[in-house]
Every structure is written in C-alpha cells, then in structure tokens.
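S.K.:
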Amino acid sequence: MIELDDPRWLKLSHAYGSAADIPELLRQLTHVTGPKTGYDSEPWFTLWSSLCHQGDVYDASYAALPHIVEIGCNAAGPIDFRFFQLPAAIEIARASGKGPPVPADLAQAYGDAISRLARCVVQYLHEDWDEPTLLSVMSALAIAKGHHRVAEAVMNLDDDLIAKLVDLDFGDS
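Here it is, written out as structure tokens:
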C-alpha cells in the first residue's frame, strides 16, 4: 500500500486528473467513519466522484481502495456503509473492464484489501444495519469471494426491484 505522503499520488490519476488530492481526502475519512446522512457528505462525495465516476475507475482508485478498507476495518463503532460499497463498486468496475489494469506495484495491496473486506464485515456483525448497509455488505462479501456478477446484482437492488423479486413479478403477463 502506498503511503499517503508518497509522491506517487502526483502521478496517479482519477476522473478529474491528478490524484494529488486523494491522500488528504483519505486523511479526512479517518475522522468521519460513522454513518452519514445524504449522498453528498464529504469526503465520501468527492472520493466517489473521483474514484468511481459513472462506473469508471482509475489507477488512483486501486491505490485508494486499500486505505479505505483499512480505515473501515480499524474504525470503532458503526461505520458508514460506503466503506463496503465503494470498494465493491471499484472492484466491480475493474472486473468489468471499466478501468485500466491494476498497476503491478499496487496489485498485492489491492488484492489483499479485497480479501480483507470479508474479515471487515465480520467485525461489524454485532452492529445494527440499515438496508443500504446490508446491501453494501452483501456486495462486499460477494466481491471478497470472487463473485462479481452477484456483487453487481446486489448493488443494483432498490425498493422496486426487491418488491418485484419478492412478488416474483418479472413482467411476463
């Protein structure tokens, strides 16, 4: 895992160009690990829009993911569902070819962090989970176990689709 003060961040890129801003966003994340309200709470909003922009990922996404997982796994108390959701979304995008290959020097830390997601979930089993957390956890577990299609399907569940699945309503009248 590259350190947050490593000059390599200046050479990595995200949706808006240089990833020089990502280390500071990750530092901020260490101080705001609890559940948030609203999709636009910072630093999550900027991390999402920079690292997984409209389903595309970047080399900075692969460098940031191990930090996100580590911060989530080391946090005390309930954590924001995005600690599971963003890593799962990055890995889904990578596996779907919506980004460059993981650079060789980032591959070990990236792969280890993906595997660590399952252990991170176990740490928080005793916490109460709302539906977004449950869906994010399920997607993260699927990713950690190599089931990318299942992870993507779970991540795409919303109230309407869940109701259709429960009612077995597949539109074939």
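Position 4 (the sequence shown) corresponds to 716 in my numbering; numbering is contiguous.
Here a beta-carbon is modelled for each residue, glycine too, at the ideal position from N, C-alpha and C.
These numbers come from a predicted model, not from an experiment.
(1) Counting only runs that start and end within the segment 738 to 806, where is the alpha helix (DSSP H) found for 4 or more residues in a row?
(2) Helix, strand or coil for Gly809 per DSSP?
(3) For Gly767, collect the residues of the same chain with a Cβ closer than 7 Å to its Cβ; drop the 5 residues on either side in sequence, then sort them by chain order.
(4) Within this structure, are the beta carbons of Ile855 and Glu803 separated by less than 9 Å?
(5) Should the segment 749 to 758 be regarded as contacting the segment 837 to 857, the criterion being three or more beta carbon pairs within less than 8 Å?
(6) Starting from the C-beta of Ala825, find all residues in its chain whose C-beta is less than 6 Å away, skip the five residues before and the five after it, and write them out in chain order.
(7) Looking at Cys761: is its Cβ nearer than 9 Å to the Cβ of Ala732?
(8) Less than 9 Å between the C-beta atoms of Tyr770 and Pro799, yes or no?
(9) Let me know if Ile791 comes out buried or exposed under the rule of 16 or more other beta-carbons within 10 Å of its beta-carbon.
(10) Give me the Cβ distance between Leu847 and Leu869, rounded to the nearest whole Å; I'm assuming they're in contact under 8 Å.
(11) Buried or exposed: where does Arg794 fall if 16 or more other Cβ atoms within 10 Å of its Cβ makes it buried?
(12) Out of curiosity, what's the CA-to-CA distance linking Pro796 and His765?
(13) By Cβ distance, which residues of its chain are closer than 8 Å to Arg720, with the 5 residues on each side in sequence left out?
(14) What residues are listed by DSSP as bridge partners for His726?
(15) Does the separation of the CB atoms of Thr745 and Ala801 fall below 9 Å?
(16) Please return the same chain residues whose Cβ sits closer than 8 Å to the Cβ of Ser827, not counting the five positions on each side in sequence.
(17) Would you kindly check if the distance between the Cβ of Ser730 and the Cβ of Leu737 is under 9 Å?
M.R.: On the basis of the coordinates in this document:
(1) 756 to 763 and 771 to 786
(2) Position 97 of the sequence shown, counted from the first residue, corresponds to residue 809. Of the three classes helix, strand and coil, the one that applies to Gly809 here is coil, per DSSP.
(3) Reading the sequence shown from its first residue, position 55 is the one you call residue 767. Cβ within range, chain order: Ala805 and Lys810.
(4) Working through the sequence shown from its first residue, we reach residue 855 at position 143. Working through the sequence shown from its first residue, we reach residue 803 at position 91. Yes, the Cβ-Cβ distance between Ile855 and Glu803 is below 9 Å.
(5) no
(6) Within the sequence shown, the letter at position 113 stands for residue 825. The residues are Leu777, Pro778 and Val781.
(7) As a first step, residue 761 must be located in the sequence shown, where it is residue number 49. As a first step, residue 732 must be located in the sequence shown, where it is residue number 20. In the sequence as presented, Cys is not what sits at residue 761; that position holds Ser. The answer is no: Cβ separation not under 9 Å.
(8) On the sequence shown, residue 770 is found 58 positions in, with the first residue counted as 1. On the sequence shown, residue 799 is found 87 positions in, with the first residue counted as 1. No, the pair does not count as a contact, with Cβ atoms beyond the cut-off.
(9) Position 79 of the sequence shown, counted from the start, is the residue given in the question as residue 791. So Ile791 counts as buried.
(10) On the sequence shown, residue 847 is found 135 positions in, with the first residue counted as 1. On the sequence shown, residue 869 is found 157 positions in, with the first residue counted as 1. Indeed they touch by this definition, with Cβ atoms about 6 Å apart.
(11) Position 82 of the sequence shown, counting from 1, holds the residue named residue 794. Buried, by the Cβ-count rule.
(12) Within the sequence shown, residue 796 is the residue found at index 84, counting from 1. Within the sequence shown, residue 765 is the residue found at index 53, counting from 1. First, the amino acid is wrong: residue 796 is Phe here, not Pro. Between Phe796 and His765, the C-alpha separation is close to 17 Å.
(13) Here the question's residue 720 lines up with position 8 in the sequence shown. Excluding residues within five positions, the ones whose Cβ falls inside 8 Å are Ile714 and Ala775.
(14) For the purposes of this step, residue 726 is taken as residue 14 along the sequence shown, with counting starting at 1. Answer by DSSP bridge pairing, in chain order: Gly729.
(15) Counting from 1 along the sequence shown, the entry for residue 745 is found at position 33. Counting from 1 along the sequence shown, the entry for residue 801 is found at position 89. Not closer than 9 Å, so no.
(16) Working through the sequence shown from its first residue, we reach residue 827 at position 115. Around Ser827: Ala856.
(17) For the purposes of this step, residue 737 is taken as residue 25 along the sequence shown, with counting starting at 1. For the purposes of this step, residue 730 is taken as residue 18 along the sequence shown, with counting starting at 1. It is not a contact, given that the beta carbons lie outside the stated cut-off.
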